[in-house]
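Chemist: Encoded as structure tokens, here's the structure I'll be asking about.
In our numbering, the protein residues as written are 606 to 1026.
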């Protein structure tokens, strides 16, 4: 196909994901940067289509959410298409077809699909408009994540209904990968897995979970004073929820407790919308709460709060799901100038980043006998030039974890996809 006539770009999502802060940053902000950035192989138009239930059509909260997204993303058009589940989601298909017709037939449309279910809708549109292309965005290894949510770390351990559900999800993902025109994913590790397990194309692109901007330090000292943190103290922060996969009670909090006990200059910071649960966990772990800062901030203020800290922490078990995932928490820490203490094998971190000391790799899972050595090693790292690393990690985030950079990776993929017959 001649790419000179350009293309239109449509980001697609379903399943109520548009309501979450994660998808606001990962889909809508990504689409906004595509719409606003005119240099390079830019789309002529950029839209986001949300497939939802008919019940949502009459929900005032949903209308407020969509309006908030439209305000957040002024350079793109956002449409919601609602259907009735028991009627095979009617009238979603006529609505999709109508919106596609409104884009005209002269310019092909690339459907950038968050997940397999919306890719099915996009493939149906492509059948009606043969010049269109479908890109599947695999943001996690969903078959394994299905089991992980049920407490099963390894697909090899699945039995009965779990085994059946995993295999159905596996076959469905593989089927969609073979039907679409291009695949993009969040880490080199997941790309390798998809190529090996699903025969995904070698040209599968990698775009990590990105953010919109680098956070500056203008309020760093003000926030530290508010928290009561001295200039010579080291603020180590956990930012996130209390979900089981975060391993707060069994890994993160026990490790941070030992870290703080061995260095009285370390202050522990927890930023979470679940501050009450965090405080309960800390009390149960025997941590003196007066030495800990626990705060809840609106989502749009978390980035600024992170700049008051000195290092971030991300400890998860290096299960299959976590080995190939790329948590947005990594980008948020780096953008705030924070080098990251991370469980090795998690988040698809390159070995060179450990060598550059932008990340401190630890191996806590199953290492109870060596915990003292690990804590000592981390303490040494924390006392070795953290201030200088603030600029380095921001520079790295700027080149890899900002949408302003990442969308050009996607555009190169779009260019190749459009060439396909």
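C-beta: ideal position from N, C-alpha, C; glycine also.
Indicate whether residue 806 and residue 791 have their beta-carbon atoms separated by less than 8 angstroms.
Modeler: No, the pair does not count as a contact, with Cβ atoms beyond the cut-off.
Chemist: What number of angstroms, rounded off, separates the C-alpha of residue 873 from the C-alpha of residue 1010?
Modeler: Taking the straight line from one Cα to the other gives about 33 angstroms.
Chemist: Let me check understanding here. Comparing Cα to Cα, which of 767, 1006 and 962 lies closest to residue 992?
Modeler: Among 767, 1006 and 962, the Cα nearest to that of residue 992 belongs to 962.
Chemist: Nearest to residue 654 by CA position, among 899, 636 and 905, is which residue?
Modeler: It is 636 whose Cα lies nearest to the Cα of residue 654.
Chemist: Name the one or two DSSP bridge partners that residue 689 has.
Modeler: Note: residue 689 sits in a beta bridge opposite 695.
Chemist: Please confirm whether residue 721 and residue 777 have their CB atoms less than 8 angstroms apart.
Modeler: Taking 8 angstroms as the Cβ cut-off, residue 721 and residue 777 qualify as a contacting pair.
Chemist: Out of curiosity, what's the CA-to-CA distance linking residue 864 and residue 968?
Modeler: Cα to Cα, the separation comes out at about 14 angstroms.
Chemist: Using the C-alpha atoms, what's the distance from residue 912 back to residue 766?
Modeler: If I take the Cα positions, the gap works out to 46 angstroms.
Chemist: List the endpoints of the continuous beta strand (DSSP E) containing residue 872.
Modeler: Note, residue 872: beta strand (DSSP E), 871-876.
Chemist: So for residue 848, helix, strand or coil by DSSP?
Modeler: Coil, per DSSP.
Chemist: Count the C-beta pairs between the stretch 854-863 and the stretch 881-890 that are closer than 8 angstroms, then say yes if the count reaches three, no if not.
Modeler: Flag = yes, the stretch 854-863 and the stretch 881-890 touch.
Chemist: Kindly indicate which residue of 784, 651 and 729 has the alpha-carbon position closest to the one of residue 1022.
Modeler: For the residues 784, 651 and 729, the minimum Cα distance to residue 1022 belongs to 784.
Chemist: Hey, which unbroken runs of the alpha helix (DSSP H) at 4 residues or more fall wholly within the stretch 608-679?
Modeler: Within the stretch 608-679, the complete alpha helix (DSSP H) runs of at least 4 residues are 634-641, 659-662 and 665-677.
Chemist: What does DSSP give as the partner residue(s) for residue 567 in the beta ladder?
Modeler: Residue 567 is absent from the structure shown; the chain starts at 606 and stops at 1026.
Chemist: So, does the stretch 970-989 touch the stretch 1012-1021, judging by three or more C-beta pairs under 8 angstroms?
Modeler: With a cut-off of 8 angstroms, the stretch 1012-1021 and the stretch 970-989 do not count as touching, because too few Cβ pairs lie within range.
Chemist: Does the stretch 844-852 come into contact with the stretch 816-823, if we say contact requires no fewer than three beta-carbon pairs (one atom in each stretch) closer than 8 angstroms?
Modeler: Contact fails: fewer than three Cβ-Cβ distances are below 8 angstroms.
Chemist: For residue 1036, which residues in the same chain have their Cβ closer than 6 angstroms to its Cβ, ignoring the five residues on either side in sequence?
Modeler: Residue 1036 cannot be examined here, being either before or after the span of the chain that is shown, 606 to 1026.
Chemist: Starting from the Cα of residue 829, find the closest Cα among 900, 648, 679 and 815 and give me that residue.
Modeler: Checking every option, the nearest Cα to that of residue 829 belongs to 900.
Chemist: What do you reckon, are the CB atoms on residue 919 and residue 897 nearer than 8 angstroms?
Modeler: No; because the gap between Cβ atoms is not below 8 angstroms, this pair is not in contact.
Chemist: Does DSSP put residue 741 in a helix, a strand or coil?
Modeler: Three-state DSSP puts residue 741 in a strand.
Chemist: If you pair each beta-carbon of the stretch 685-701 with each one of the stretch 735-753, do three or more pairs fall below 8 angstroms?
Modeler: Not touching, per the Cβ criterion.
Chemist: Let me confirm a value: residue 634 is counted as buried when at least 16 other C-beta atoms fall within 10 Å, else exposed. Which label applies?
Modeler: That one is buried.
Chemist: Can you list, in chain order, the residues of its chain with a C-beta nearer than 6 angstroms to that of residue 933? Leave out the 5 residues immediately preceding and following it.
Modeler: Within the same chain, residue 933 has close Cβ partners 814.
Chemist: Residues in the same chain with beta-carbon distance under 6 angstroms from residue 877, minus the five sequence neighbours each way, listed in chain order, please.
Modeler: Cβ within range, chain order: 883.
Chemist: What is the rounded straight-line gap between the Cα of residue 929 and the Cα of residue 793?
Modeler: Computed Cα separation, rounded: 8 angstroms.
Chemist: Tell me whether residue 931 is buried or exposed, calling it buried when 16 or more other Cβ atoms sit within 10 Å of its Cβ.
Modeler: The residue is buried, with at least 16 neighbouring Cβ atoms inside 10 Å.
Chemist: Under 8 angstroms by Cβ, that's how I've got residue 868 and residue 984 pegged, so tell me the actual separation to the nearest angstrom.
Modeler: Their Cβ separation, rounded to whole angstroms, is 5 angstroms, which keeps residue 868 and residue 984 in contact under 8 angstroms.
Chemist: Does the distance from the C-beta atom of residue 1019 to that of residue 638 stay below 8 angstroms?
Modeler: Not in contact: residue 1019 and residue 638 (Cβ atoms no closer than 8 angstroms).
Chemist: To the nearest whole angstrom, what separates the beta carbons of residue 947 and residue 966, a pair I think is in contact under 8 angstroms?
Modeler: The Cβ separation is near 6 angstroms, so the contact holds.
Chemist: When DSSP builds the beta bridges, which residues end up paired with residue 716?
Modeler: Beta-bridge pairing links residue 716 to 615 and 739.
Chemist: Suppose only complete runs of 3+ residues qualify. What are the beta strand (DSSP E) ranges in the stretch 961-995, listed by chain order?
Modeler: The stretch 961-995 contains these whole beta strand (DSSP E) runs: 964-967.
Chemist: Can you give the Cα-Cα distance for residue 775 and residue 748, rounded to whole angstroms?
Modeler: Approximately 5 angstroms, taken between the alpha carbons.
Chemist: Quick one: using the 10 Å Cβ neighbour count with 16 as the cut-off for buried, is residue 922 buried or exposed?
Modeler: Burial call: buried.
Chemist: Just to confirm the assignment, what range does the alpha helix (DSSP H) spanning residue 898 have?
Modeler: No alpha helix (DSSP H) holds residue 898; the beta strand (DSSP E) holding it covers 897-900.
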